[in-house]
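Heads up, the thing below is written out as structure tokens.
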Amino acid sequence: MAAPHIKNVTIGRHLRILSSDDDEGIRALLFSLLTEHGHEVEFARDSDEVFKNLGRARYDLLILDVNTPGINGYKVAEKICANITNRPRILIFTARNIQEEKAEFTLCGADAIISKGAPCDKIVNVIKGLFSAPPDSHMNPARQGAAASMQETQAQPMSSNTHSKLNEDLQLCLFKITMVEDLINLKNMRYEEFIRDLLKEKQRTEKNYLEFKRIEDEVIKLKNWGYAVTAVAAMAIARSFL
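Just so we're aligned, residue 603 is where the sequence shown starts under the numbering used here, counting upward by one.
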């Protein structure tokens, strides 16, 4: 199957992103993370909303949850790749074991895949990587990098469906914790910067106040001197009339 044309986006441009994650916590965390980096983010609760949004607006990137209600994320990606010629880039977002997802990821035609347990900076870097170079005629370089990273990922075989579900839930919890920690650190850095600016402004204000007091004291001295001179002159004039 010929590779579809993928929408080209200038590096560093703020992206318009559509995510299909229906988890309120993940939506909130993704929104905070991506908007902090200047991107515009919208959400679809299921596969139907994804296709409706694509029908009425243009996006630079789709972040598709594997467990998207309706048609799963891989099937959504496959339909988009097969039917949209100037499609946005597609990032698969999964809480499952990536090594076990390799075949589905390769077949669906998406450009990259990342675990929900990945730290925030890795998510941001993967997104940047998707737009670091135009796709070639066979495969997006970012997709090649993602496939290579999957080869490096150690397999964690599941002994049962229950084990697999527990692992998925654990990865999701770890992702939420990691993202919250990263966002808190980012907020703390900005708060510290705000405090430093506030202290500098306080120092400037105190310096200006001291300068104002000095000038005020000089004015008072000049007034007192003027009063004294006026009094002496008045006394001299009074004596002249005696």
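All residues carry an ideal CB built from backbone N, CA and C; glycine is no exception.
Asked	Found
Among the residues of its own chain, which have a CB less than 7 Å from the CB of residue 761, if the five just before and after it don't count?	Its pLDDT being 46, under 50, residue 761 is placed unreliably in this model, and the value from its coordinates should be taken loosely. So no residue of the chain qualifies.
Taking DSSP's pairing of strands, which residues face residue 696 in a bridge?	717
Just list the residues that DSSP pairs residue 786 with in beta bridges.	Answer by DSSP bridge pairing: none, since residue 786 is not bridged.
Should residue 841 go down as buried or exposed, given a rule of 16 or more other Cβ atoms within 10 Å for buried?	exposed
Give the straight-line distance between the Cα atoms of residue 641 and residue 806, rounded to the nearest whole angstrom.	36 Å
Along the alpha helix (DSSP H) that carries residue 634, what are the first and last residues, could you check?	626 to 638
Of all the alpha helix (DSSP H) runs that stay within the bounds of the segment 633 to 684, which reach a length of 4 or more residues?	649 to 658
Which value, in whole angstroms, describes the spacing of the CA atoms of residue 826 and residue 833?	10 Å
Who pairs with residue 619 in a beta bridge, going by DSSP?	643, 663
Residue 636 to residue 709, Cα distance in whole Å?	28 Å
I need the straight-line Cα distance from residue 651 to residue 791, nearest angstrom please.	36 Å
For residue 727, report the span of its alpha helix (DSSP H) as first-last.	722 to 732
Compare the beta carbon distance of residue 692 and residue 717 with 9 Å and say whether it is the shorter of the two.	no
For the alpha helix (DSSP H) containing residue 705, list its first residue and its last residue.	704 to 710
Excluding the 5 residues flanking residue 644 on each side, which residues of the same chain have their C-beta closer than 6 Å to its C-beta?	620
Could you tell me which residues DSSP pairs with residue 890 in its beta bridges?	With the chain running from 603 to 844 in the structure shown, residue 890 is simply not present.
Tell me which residues share the same chain as residue 663 and place their Cβ nearer than 6 Å to its Cβ, disregarding the 5 neighbours each side in the sequence.	617, 619, 690, 691
Looking at the structure shown, is residue 757 part of a helix, part of a strand, or coil, going by DSSP?	Caution applies to residue 757, whose pLDDT of 34 falls short of 50 and renders its modelled position unreliable; the value that the coordinates give is listed next. If DSSP states are grouped into helix, strand and coil, residue 757 belongs with coil.
Express the C-alpha separation of residue 653 and residue 703 in angstroms, rounding to a whole number.	23 Å
Excluding the 5 residues preceding and the 5 following residue 755 in the sequence, name in chain order all residues of the same chain whose CB lies nearer than 6 Å to its CB.	Note that residue 755 has pLDDT 41, beneath the 50 cutoff, so the model's placement of it is unreliable and the number below is only indicative. Around residue 755: 700, 701.
In or out: residue 667 buried (at least 16 other Cβ within 10 Å) or exposed?	buried
Determine the burial state of residue 601: buried for a count of at least 16 other Cβ atoms within 10 Å of its Cβ, exposed for fewer.	Since the first and last residues shown for the chain are 603 and 844, residue 601 lies out of range.
Could you give the DSSP three-state label for residue 839: helix, strand or coil?	helix
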